[in-house]
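Here this note's numbering is used: the sequence shown runs in plain steps of one and ends on residue 452. Note that beta-carbon positions come from the ideal geometry of N, C-alpha and C, so glycine has one too. Down below is the structure, laid out as structure tokens.
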Amino acid sequence: MNNDLLTLAPLITVVLGALAVLVSDMITPNRNHAPVAVALASLGVTAALLINQGGSTASALGGSYVAGPFVAFIGLLGISIVAITLLIAPAYLAARKYPTAELAATLLFALAGAILLGAATDLITLFIGLELMVIPGYVLAGYAKRDPLSTEGAVKYFLLGSFSSAILLFGIVVLWGVAGTASLSSIATALASGEANAGLAVALALITTGSAFKIAAVPFHYWTPDAYQGSPTPITGYLSVGPKVGAFVLLIKLFVIALAPLATLWIPVMVVLAAATMTLGNLVALTQSNVKRMLAYSSIAHTGYLMVGIVAAGAGEAAGIAGILFYAAAYAFMNLGAFAFLTALQGRPGATTQLSDLAGLGRKHPRMAILAAIFLLSLTGIPPTAGFFAKTYVILAAVQAGGPATILAVIAVLNAAIAAFYYLRVIVYLFMRDPAEPAVQVAEGPMLRAG
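Right under this line is the structure:
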């Protein structure tokens, strides 16, 4: 029992931290800095515990929860995402009279789900961790409850997210019944020694569909632009990276581990989904005049790049998983940086994120514009940024895997070239366009009326 508590310590600390945030808000109402300070302190303690556990492996809950280097990486990445969100959000929310304590507590509960998801070794714990991570996202999407766009996006996110969870759960149950076990490693062993049947085909179809919704892969992406555009900008930054990282942990555990013996069946489907996701995400992003919505569609495109790593890992290339993890970390920081820039741009209520609003910003606020340009160049994949190395790792893993993954690598390179246009267009507006002049109002005099 004591060993279990020690192994579960990071998870317990995050949950207790969320409760402490709510208590601190009751004790010091209307003081936004107190809940944020408590949340950051709990994140610090959790990070120390994860680092301490990262050098070895320990199990709890009868082996359904296994702590180790993988969990430490996912947990520390999740802590970084939550911490950055908590640092950039308070000023934005205070200007619009939205509370901060609820945001901090909700983010901590979502982080607990991500840690549980990373440590899960069976289907039950995996699904519980997934839902604990994504359900807070429905709340966060509707955080600006006085904004009709936020409510609309949250409703779409909740409805489609609920349907996808039900579909995924049906698939998990069927897989459990076919394999006769809930353990991920035991499922792989059972599938390797058995033959494909109709029940297994149904399970694979349902799991693929439910997972595609969670990662916003085309054509299961329709909730993404509206949910992202309607959410408060710093929350959109979190939604674009936090749940996405967790969803790819789900894909690694389900497809690369449990369904590895069926790789020849699901890899062609993943190739098609990845190619469609990259291509449509980039092409639609090209047409956007709102930077926030553009980043939403680019987030869909980055999902496609991450799926390249899944295909490579499924084909037996160990570098695929390493590429996914590096890409997820790099994407998290560069996308959060881009949304931090938009948050600063919207410092006052009523400010928009239209592309035309960025014209001339490089001369008015050069430091902020330069930082924004660096994040956008990284998202583009320009060397020597982290985005370049992230794309390089997943593409090289796909090339080394061979087969259909090679075709996907070529498509990824072409899509990276397409993405350069809309990312660099923002930089052009920042530094090479003059701000729009206000229209001159000419008073109508007698001579004008006579004419």
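For Thr407, the CB contacts under 7 Å within the same chain, skipping 5 residues up- and downstream, are Ala399, Val400 in chain order.
Taken in chain order, the complete alpha helix (DSSP H) segments of 4 or more residues contained in the segment 131-196 are 149-180, 185-194. Shortest Cα-Cα distance from Val24 to any of Thr58, Ile75, Asp435, Ala102 involves Ala102.
Sequence-distant Cβ neighbours of Gly181 in its own chain, meaning closer than 7 Å and more than five residues away, are Ala191. By the criterion of a C-beta distance shorter than 7 Å, Arg368 is surrounded by no residue of its chain, once the five residues flanking it on both sides are discounted.
Contact check for Gly76 and Gly119: beta-carbon distance about 6 Å, within the 8 Å limit, so the pair qualifies. Contact between the segment 315-325 and the segment 222-231 is absent, with fewer than three C-beta pairs closer than 8 Å.
Looking at the backbone, the Cα of Ala373 and that of Gly338 are separated by about 7 Å. Remark: three or more beta-carbon pairs, one from each stretch, lie closer than 8 Å, so the segment 248-255 and the segment 124-138 are flagged as touching.
Residue range 234-252 is occupied by the alpha helix (DSSP H) that includes Tyr239.
If you keep only unbroken alpha helix (DSSP H) runs of at least 4 residues inside the segment 326-389, you get 362-365, 367-381.
Contact between Val219 and Ile301 holds, since their C-beta atoms are separated by about 7 Å, short of 8 Å. Contact between Leu12 and Leu117 holds, since their C-beta atoms are separated by about 6 Å, short of 8 Å. For Tyr430, the enclosing alpha helix (DSSP H) has its first and last residue at 405-433. When secondary structure is reduced to three states using DSSP, Tyr223 falls in the coil class, being assigned neither helix nor strand. One thing to note: Ala73 has its Cβ no nearer than 8 Å to the Cβ of Leu185. Proximity to Leu240 across Gly324, Ala19, Asn336, Ala204 peaks at Asn336, based on C-alpha coordinates. Per the Cβ contact rule, the segment 301-311 is in contact with the segment 408-417 (3 or more Cβ pairs under 8 Å).
In this structure, Ala111 sits near Gly243, with a CB-CB distance shorter than 8 Å.
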